[in-house]
Ligand SMILES: *[C@@H]1O[C@H](CO)[C@@H](O)[C@H](O)[C@H]1NC(C)=O
Ligand SMILES: *[C@@H]1O[C@H](CO)[C@@H](O)[C@H](O)[C@H]1NC(C)=O
Ligand SMILES: *[C@@H]1O[C@H](CO)[C@@H](O)[C@H](O)[C@H]1NC(C)=O
Ligand SMILES: *[C@@H]1O[C@H](CO)[C@@H](O)[C@H](O)[C@H]1NC(C)=O
Ligand SMILES: *[C@@H]1O[C@H](CO)[C@@H](O)[C@H](O)[C@H]1NC(C)=O
């Protein structure tokens with residue numbers, strides 16, 4: 001179960017030593033799993049061989065002519081030799097098979113060639129477990145210890161990830177000597193996430209996962225909503241809070257509890273009595289903390305609340321109305337359909353009584369008539385000095401003669 005960088009290093013040194021001294025036959029070092037198999041295959045086998053010999057350390061595995069080598073009894077059911085490549089397959093591996101393997105070849109021209117490599121056998125890692133804190137963790141107060149375990153053989157590395165990125169040590173995050181456990185103290189909200197612990201060796205790896213949730217807050221409590229609203233509109237005030245788990249809310253208006261317990265405070269139809277101070281209090285039952293924010297709302301008499309679109313509509317409407325009236329006025333003037341004030345001069349000339357008070361009356365009467373007929377009643381003014389008033393006639397048909 002020991003992490004065995006040292007052993008690797010030693011084996012690598014041995015192998016390199018051989019290769020660097022210019023061995024004739026070369027093949028890579030191998031790792032195998034208990035119960036599994038490996039095959040040693042030289043890179044550059046010679047042709048026309050008289051004798052081939054494989055050794056494990058000083059123990060003979062097989063020797064003889066490549067077509068029919070004799071296998072030593074200990075290896076009888078565990079090896080398979082390929083006379084084509086001179087490769088040796090070792091089956092049903094045991095821990096004790098770790099060590100150095102050598103191949104010696106004598107060619108038909110009586111040359112001797114030799115190569116050596118190493119095998120390391122590992123158990124397959126299994127049953128990796130990750131145990132974390134059981135109790136609720138609170139930001140700034142709690143510490144969290146993760147402990148990992150695994151069965152199986154040599155573990156060459158233990159790696160930790162958080163949310164799929166490597167977890168690195170810091171002043172708060174400390175790994176044990178062989179990375180078997182991690183201690184986080186104190187915890188912060190950013191420590192929330194999925195932790196993975198991976199045990200690996202050259203032949204296997206296994207990962208255990210655990211999700212950590214850090215409780216915190218509430219903080220950053222804030223009411224969002226309008227400051228000034230018109231009378232009779234719907235109003236929403238929303239209360240925000242950073243909190244794990246989600247905060248519960250309560251709302252005060254002018255110091256009295258409103259009974260509202262959602263993050264939203266709704267006024268269906270604003271009234272002047274809704275003006276005042278709203279306080280939202282967020283409460284986290286895990287951290288047992290509460291924080292509040294206040295918001296002033298003013299309900300004012302409507303009218304100032306026209307949208308830009310509405311204003312534009314009104315302006316356009318007014319412009320159309322004005323141009324329409326102007327056009328009508330020009331038309332009526334040109335066609336002499338508007339009674340002219342000088343008519344009363346004619347009337348005076350025709351000998352009707354010309355009281356000074358009546359001199360200003362006709363035009364006023366005309367307007368009176370128009371207004372009345374606009375109201376739906378075809379009633380002529382009692383003073384009918386302008387019965388032939390064509391403006392009225394044009395607009396509303398011939399007046400009834402009284
Ligand atoms: C390997 O051995 C078999 C007999 O066991 C033989 O028929 C074959 O020709 C050999 N191959 C080589 C490349 O020597
Ligand atoms: C792994 O766990 C299973 C069930 O918990 C158990 O049966 C098995 O023996 C364990 N394997 C090892 C290698 O400990
Ligand atoms: C975590 O581990 C450290 C050191 O191993 C220990 O002092 C601390 O009490 C542990 N904390 C918890 C919550 O188990
Ligand atoms: C421990 O973890 C660190 C960071 O992930 C890694 O660099 C180191 O190789 C690990 N050590 C072992 C023995 O697994
Ligand atoms: C609420 O308080 C504001 C400011 O103090 C006050 O103007 C308003 O009349 C109060 N409204 C009610 C309904 O108490």
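Residue numbers (full-length UniProt numbering): 1 to 402.
C-beta atoms are modelled at their ideal positions from N, C-alpha and C, and glycine is treated no differently.
This structure is a prediction, so every number in the text was calculated from the model and none was measured.
Select from 50, 125, 44 and 34 the residue whose C-alpha is nearest the C-alpha of residue 28. 44
Would you please state the rounded distance, in angstroms, between the beta carbons of residue 270 and residue 235? I believe it to be under 8 Å. 5 Å
Following a CB-centred definition, is residue 128 positioned closer than 8 Å to any heavy atom of ligand 4? no
What do you reckon, are the CB atoms on residue 118 and residue 99 nearer than 9 Å? yes
Rounding to the nearest angstrom, what Cα-Cα distance links residue 195 and residue 210 in this structure? 5 Å
State the Cα-Cα distance for the pair residue 248 and residue 298, rounded to the nearest angstrom. 26 Å
If you run the structure through DSSP and keep just helix, strand and coil, what is residue 158? strand
In the structure shown, what three-state DSSP assignment does residue 375 receive? In this prediction, residue 375 has a pLDDT of 35, which is less than 50 and means its spatial position is unreliable; nothing more can be read from the coordinates.
For the candidate residues 168, 165, 251 and 204, whose alpha-carbon lies nearest to that of residue 150? 204
C-alpha gap between residue 92 and residue 110, whole angstroms: 35 Å
Residue 215: buried (16+ other C-beta within 10 angstroms of its C-beta) or exposed? buried
What runs of the beta strand (DSSP E), each 3 residues or longer, lie entirely inside the region 47–80? 49–56 and 59–64
Which residue wins for smallest C-alpha separation from residue 186, given the options 173, 180 and 132? 173
Taking buried to mean at least 16 other C-beta atoms within 10 Å of its own C-beta, is residue 198 buried or exposed? buried
Could I get the ranges of all uninterrupted beta strand (DSSP E) runs contained in the region 95–126, with 3 residues as the minimum, in chain order? 99–107 and 112–122
Tell me the rounded alpha-carbon separation between residue 115 and residue 163. 47 Å
Mind checking whether residue 242 and residue 225 have CB atoms under 9 Å apart? no
May I ask you to check if the CB of residue 276 is nearer than 8 Å to at least one heavy atom of ligand 5? yes
Are the C-beta atoms of residue 182 and some chain B residue less than 9 Å apart? Reference to chain B is not applicable here, since this structure consists of a single protein chain.
Judging by CA-CA distance, which residue of 154, 77, 263 and 170 is the nearest neighbour of residue 61? 77
Quick one: what's got a C-beta closer than 6 Å to residue 413's C-beta in the same chain, skipping five residues either side? For residue 413 there is no data in the structure shown, the boundaries of the chain being 1 and 402.
Assuming residue 148 contacts residue 129 (C-beta within less than 8 Å), just tell me the rounded distance between them. 7 Å
CA-CA distance, residue 257 and residue 251? 6 Å
Residue 463 burial status per 10 Å Cβ neighbour count (16 or more: buried): In the structure as shown, the chain starts at 1 and stops at 402, and residue 463 therefore has no counterpart that could be examined.
So for residue 24, helix, strand or coil by DSSP? coil
Whole-number beta carbon distance between residue 144 and residue 184, since they are thought to touch under 8 Å: 5 Å
Excluding the 5 residues flanking residue 70 on each side, which residues of the same chain have their C-beta closer than 7 Å to its C-beta? 62, 63 and 64
Less than 9 Å separating the beta-carbons of residue 431 and residue 231? Shown here, the chain extends from 1 to 402; a query on residue 431 therefore has no answer.
Anticipated Cβ contact below 8 Å, residue 25 with residue 90, distance rounded: Not a contact, Cβ separation roughly 17 Å.
Heavy atom of ligand 5 less than 8 Å from the Cβ of residue 258, yes or no? no
Roughly how many angstroms lie between the CA atoms of residue 154 and residue 293, to the nearest whole one? 57 Å
Residues that DSSP places opposite residue 184 in a beta bridge: 144 and 173
Please list, in chain order, all residues of the same chain as residue 301 whose beta carbon is under 6 Å from its beta carbon, the five residues on each side excluded. 231
How about residue 244 and residue 213: are their beta carbons less than 9 Å apart? yes
Burial state of residue 84 (16 or more Cβ within 10 Å): exposed
CB contact flag (residue 179, residue 159, <9 Å): yes
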